[in-house]
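Residue numbers (my numbering): 3 to 353.
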């Protein structure tokens, strides 16, 4: 195993009370975030929520109005970007067109005064890690988009940064390449052990690679949790509706449970009491063809092993169910069905 592949212990990163304003717009409104050594945290949220601003402040590319940045317990709030020991990968590959792949990867090492032999050795190691060793003598225009982004990742890792920063690194790639490369990034990050902050607006991407996902809303963290917990137990209506698909089904909640389509369902912390809307995931909706049922099948979309079915309830509420395609085959558009929900915990929001 090369020294590149040997996992490092990583460093802790802490953002404390970050505020950043642009005129009357509060990009960050008291952001607090701690990343454990070697952890990959993904910041997820819509455009303008502050996720990229947080990353750029950590990198030193922007200055906060208030707050501190600590790495490895040291306050680096006023340390310039080139002294922060961070590797960055952006949406744009930003490779030097006149340099070979090997020389692009070695560029940061050259700036740090490493010898030619050491640069070549180290660049070769990280190219091996990202699966591009055989392309070392090529130029950027001879590579695909996915290969160019692998080179950018190798360049960021070559300097053995304390922290790896990934700012929408996959959004310029087509869907198939994006999935392949996100899995590669996760494999490499686990292998190397570098503390990583990854920013994206893509929910699937975030849930697939993160140790923890932080959902940002208007400059603050609404919730940060492991992906499965974030999905199953959203802490706020914003998280429940932003992460994954959620139905808003009429409910009546009291004493830790809610009646949803005739089923008693546990409620999550933060749920509203009384009449409201339960946020129910499509896979927790059960549908049965039933001519005496009160729901009407609106659409049936075949998605391979699963199908997505939309139905209209008597009060006009539209419900989406995700079913095995073998079950969905019994449902016909325009026909009646009975709709129920599984008794899994839900967040109830006030109407």
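Ideal placement from N, C-alpha and C gives every residue a C-beta, glycine not left out.
Compare the C-alpha of residue i against each of the options and name the closest.
| i | options | result |
| --- | --- | --- |
| residue 287 | 315, 60, 179 and 107 | 315 |
| residue 51 | 108, 267, 222 and 248 | 222 |
| residue 313 | 12, 337, 329 and 293 | 337 |
| residue 321 | 250, 270 and 295 | 250 |
| residue 43 | 212, 236, 294 and 335 | 212 |
| residue 282 | 294, 265 and 293 | 265 |
| residue 255 | 240, 241 and 272 | 272 |
| residue 90 | 54, 100 and 115 | 54 |
| residue 300 | 275, 78, 310 and 335 | 335 |
| residue 331 | 144, 295 and 291 | 291 |
| residue 12 | 47, 163, 145 and 114 | 163 |
| residue 220 | 41, 24, 25 and 48 | 48 |
| residue 318 | 96, 41, 34 and 298 | 298 |
When DSSP labels each residue in this structure, what does residue i get in the three-state scheme?
| i | result |
| --- | --- |
| residue 95 | coil |
| residue 173 | coil |
| residue 105 | helix |
| residue 31 | strand |
| residue 120 | helix |
| residue 4 | Only weak support is given to the placement of residue 4: the predicted model assigns it a pLDDT of 39, under 50, and the value that follows is read from those uncertain coordinates. Residue state, collapsed to three classes: coil. |
| residue 148 | helix |
| residue 153 | helix |
| residue 272 | coil |
| residue 343 | strand |
| residue 136 | helix |
| residue 16 | strand |
| residue 197 | strand |
| residue 261 | strand |
| residue 185 | helix |
| residue 254 | strand |
| residue 324 | strand |
| residue 297 | strand |
My assumption, with CB atoms under 8 Å, is that residue i sits in contact with residue j. Please give the rounded CB distance.
| i | j | result |
| --- | --- | --- |
| residue 268 | residue 259 | 6 Å |
| residue 22 | residue 84 | Contact flag wrong, Cβ pair sits at about 21 Å. |
| residue 73 | residue 194 | Between residue 194 and residue 73 the Cβ distance is about 17 Å, and since that is not below 8 Å, they are no contact. |
| residue 263 | residue 341 | 6 Å |
| residue 132 | residue 155 | 6 Å |
| residue 233 | residue 246 | 6 Å |
| residue 30 | residue 20 | 5 Å |
Here's a check: name, in chain order, each residue in its chain whose Cβ is nearer than 7 Å to the Cβ of residue i, leaving out the five neighbours to either side.
| i | result |
| --- | --- |
| residue 157 | 106, 107, 109 and 110 |
| residue 147 | 174, 175 and 179 |
| residue 278 | 253, 255, 350, 351, 352 and 353 |
| residue 248 | 242, 281, 282 and 283 |
| residue 275 | 255 and 256 |
In angstroms, rounded to a whole number, what distance separates the CA positions of residue i and residue j?
| i | j | result |
| --- | --- | --- |
| residue 261 | residue 186 | 44 Å |
| residue 304 | residue 328 | 10 Å |
| residue 343 | residue 285 | 9 Å |
| residue 324 | residue 62 | 44 Å |
| residue 151 | residue 129 | 12 Å |
| residue 202 | residue 208 | 7 Å |
| residue 293 | residue 308 | 23 Å |
| residue 229 | residue 199 | 15 Å |
| residue 78 | residue 112 | 24 Å |
| residue 24 | residue 159 | 32 Å |
| residue 118 | residue 101 | 15 Å |
| residue 80 | residue 326 | 55 Å |
| residue 188 | residue 168 | 12 Å |
Grab me the residues of residue i's own chain with a C-beta within less than 6 Å of its C-beta, minus the 5 sequence neighbours each way, in chain order.
| i | result |
| --- | --- |
| residue 5 | No answer about residue 5 holds up, because its pLDDT of 40 lies below 50 and its placement is not dependable. |
| residue 103 | 137, 138, 140 and 153 |
| residue 36 | 16 |
| residue 58 | 64 |
| residue 205 | 245 |
| residue 93 | 170, 173 and 174 |
| residue 270 | 235, 347 and 349 |
| residue 226 | 214 and 216 |
| residue 87 | 163 and 164 |
Once you ignore the five residues that flank residue i on each side, which residues in its own chain have a CB closer than 8 Å to its CB?
| i | result |
| --- | --- |
| residue 295 | 338, 339, 340 and 341 |
| residue 14 | 36, 37, 38, 39, 72, 73, 74, 75 and 197 |
| residue 99 | 141, 142 and 143 |
| residue 122 | 104 and 108 |
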